[in-house]
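Numbers in my numbering are just positions in the sequence shown, counted from 1, shifted up by 97.
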Amino acid sequence: MQERTAKILEAAVREFISLGEPISSGFLYRRYSFGIKPAMIRHELEGLSNRGFLEQPHHSSGRVPTDRGYEFFAERTFEGEGAHEARDKRLAGLFERRAWDELLEEISSRLGLIGVVSSRKEGLVHKSGLENLIENLDWETPEEVKSVIKDFAAIEDRLDALSRKLESEAVKVFVGKRSPVTRSRNLAIVAGDYGMGDEEVLLLAIGPRRMDYRKVFQVFRCFNE
98 MQERTAKILE AAVREFISLG EPISSGFLYR RYSFGIKPAM IRHELEGLSN
148 RGFLEQPHHS SGRVPTDRGY EFFAERTFEG EGAHEARDKR LAGLFERRAW
198 DELLEEISSR LGLIGVVSSR KEGLVHKSGL ENLIENLDWE TPEEVKSVIK
248 DFAAIEDRLD ALSRKLESEA VKVFVGKRSP VTRSRNLAIV AGDYGMGDEE
298 VLLLAIGPRR MDYRKVFQVF RCFNE
């Protein structure tokens with residue numbers, strides 16, 4: 098993907114996460130300086146839609162991200178600005194002491210997400226934050242809430258499928274139907290695999306597709322050193 102196209106896609110996803118409304122070429126033209134006219138931005142958006150990164154809701158001139166578009170945005174965010182943030186010593190200390198329940202409560206409280214830690218050595222799964230996530234949902238029909246609760250209950254049984262997908266990457270994002278852990282199309286997960294001596298630890302953050310990925314990555318980077 099050409100860099101200008103990638104920046105247009107990043108901007109469209111970023112603005113949709115912030116506003117929750119379809120993003121038009123005119124909006125991007127007024128908000129950003131891509132060096133091209135609205136018609137060319139519209140052409141770029143059409144191309145991104147044809148490639149599966151964006152989609153156009155009915156009766157709207159704007160576009161919204163697909164699961165693939167969210168994942169592209171999240172990966173670019175992880176590779177970019179999040180790398181320059183200072184390490185949170187409190188979170189790092191809880192991680193190093195293996196204070197899993199306290200760590201997950203802290204993460205969930207800060208981010209409004211579900212936090213999960215799986216320690217293969219212990220053979221245990223720790224999880225927290227279902228209420229925090231439900232309180233932060235902006236699409237909470239009864240059916241969708243039930244789907245989130247079912248996902249929370251089934252996490253332990255689905256972690257093996259996630260581990261296989263993390264073998265070559267330390268941190269990875271799965272969105273909507275592309276997630277091996279959740280079934281709700283409105284959820285996304287950020288997953289990290291960490292070695293701690295002779296122990297392997299799997300850390301997950303589960304939240305809405307429109308979560309603040311940059312803040313989540315700031316947390317995950319605390320555990321890299």
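Think of the CB as a built atom: it goes at the ideal place given N, C-alpha and C, for glycine as much as any other residue. Computed from a prediction, not measured in an experiment: that's the story for all the values here.
Pick out whichever of the options has its Cα sitting closest to the Cα of residue i.
i, options, result
"K104", "S158, A171, N147, H155", "A171"
"R148", "S216, A196, R165", "R165"
"E168", "V242, E107, C319", "E107"
"D309", "Q99, V110, F192", "V110"
"L300", "R255, E203, S215", "S215"
"Y291", "R139, P277, E253, F317", "F317"
"E297", "F150, K243, E193", "E193"
"S260", "S206, V287, S244", "V287"
"D254", "K262, G294, P277", "P277"
"D235", "M98, N283, D295, K134", "N283"
"E100", "F271, K262, E152, L145", "L145"
Drop a sphere of 10 angstroms on the beta-carbon of residue i, count the other beta-carbons inside from all chains shown, and report buried for 16 or more, exposed for fewer.
i, result
"T174", "buried"
"G212", "buried"
"T279", "buried"
"E240", "exposed"
"G273", "buried"
"G132", "exposed"
"G123", "exposed"
"A285", "buried"
"G177", "exposed"
"K224", "buried"
"S130", "exposed"
"S281", "buried"
"N321", "exposed"
Throw me the rounded Cβ distance for the residue i and residue j pair, which I believe falls under 8 Å.
i, j, result
"G289", "A258", "Not quite, the Cβ-Cβ distance comes to about 16 Å (not below 8 Å), so this is no contact."
"F113", "P162", "6 Å"
"C319", "D185", "5 Å"
"L188", "G209", "L188 to G209, Cβ: 16 Å. No contact."
"G190", "S205", "Contact flag wrong, Cβ pair sits at about 17 Å."
"T102", "E141", "6 Å"
At a cut-off of 7 Å, would you count residue i as near the ligand ZN, judging by its Cβ distance to the nearest heavy atom?
i, result
"F320", "Judged by which ligands are present, the structure shown has none, so any question about the ligand ZN falls away."
### Query
On the three-pair Cβ rule with 8 Å, is the segment 304-319 touching the segment 240-260?
The segment 304-319 is not in contact with the segment 240-260.
### Query
Are three or more beta carbon pairs between the segment 149-159 and the segment 117-125 nearer than 8 Å?
When Cβ pairs closer than 8 Å are counted between the two stretches, the segment 149-159 is seen to touch the segment 117-125, the count reaching three or more.
### Query
Touching or not, the segment 306-315 and the segment 215-232, by the rule of three or more beta carbon pairs under 8 Å?
Touching, no.
### Task
Enumerate, from N- to C-terminal direction, the unbroken beta strand (DSSP E) stretches of 3 or more residues contained entirely within the segment 182-218.
Here the runs fully enclosed are 211-216.
### Message
At 3 residues or longer, what runs of the beta strand (DSSP E) sit wholly inside the segment 227-276?
### Response
268-272, all fully within the segment 227-276.
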